[in-house]
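Before any comments, here is the structure.
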Amino acid sequence: MAVGNSALGTTQPLAILRARDGQPDWTQVAALCKEWEPDLLLIGDPLNMDGTVSDFAQRARKFARRLEGRLGIAVEMVDERLSSFEVKQQQREAGHSGDYHESPVDDLAAELILKDWLRQR
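If you're matching positions, the sequence shown starts at 7 in the working numbering and goes up one per residue.
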């Protein structure tokens with residue numbers, strides 16, 4: 007998860023939200039949204055490289071619908087192809103150990119998706 011300010015064009019990584027048995031910790035999600043008061047939630051859309059909808063993309067879209075329904079905050083899907091790859095490449099260049107299970111980069115990938123979205127506005 008990352009947060010940003012569209013007026014200032016700033017972003018920052020915030021947290022890595024884990025799902026258990028495919029379910030997010032809705033209490034944690036709601037608490038973060040209450041704290042940060044977003045106007046819009048961006049959800050990464052993990053499309054296949056050819057642009058077709060993957061099984062994981064279908065799950066992400068279902069999550070987005072649930073998120074909007076539970077929290078009443080607008081949700082927009084954003085193409086996230088290669089975001090994790092790009093962040094991992096940047097981290098390797100910066101000396102990351104390469105153990106992404108022990109030191110994941112999901113929050114940094116979320117920030118990259120947000121930065122790209124802000125640049126396109």
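Think of the CB as a built atom: it goes at the ideal place given N, C-alpha and C, for glycine as much as any other residue.
So the beta strand (DSSP E) residue i belongs to, where does it begin and stop?
i, result
"G10", "8-11"
"G28", "From DSSP, G28 is part of no beta strand (DSSP E); its letter is neither H nor E."
In the DSSP assignment, find the unbroken alpha helix (DSSP H) run with residue i in it and report its ends.
i, result
"G50", "Premise fails: G50 lies in the beta strand (DSSP E), 46-51, not in any alpha helix (DSSP H)."
"E117", "112-125"
Count the other C-beta atoms from every protein chain shown that fall within 10 angstroms of the C-beta of residue i, then say buried if there are 16 or more, exposed otherwise.
i, result
"M7", "buried"
"E43", "exposed"
"G101", "exposed"
"A63", "buried"
"V93", "buried"
"S109", "exposed"
Rank the options by C-alpha distance to the C-alpha of residue i and give the top, closest one.
i, options, result
"E82", "A25, A66, T16", "A66"
"I49", "T58, Y106, D112", "D112"
"A116", "M55, R125, T17", "T17"
"L118", "H107, D56, P19", "P19"
"Q95", "D61, L114, S60", "L114"
"V35", "S109, L73, T58", "L73"
"R87", "E99, L46, L53, R71", "L53"
"T33", "R76, D85, R98, Y106", "R76"
Three-state secondary structure (DSSP) at residue i?
i, result
"A80", "strand"
"Q95", "helix"
"D56", "coil"
"D85", "strand"
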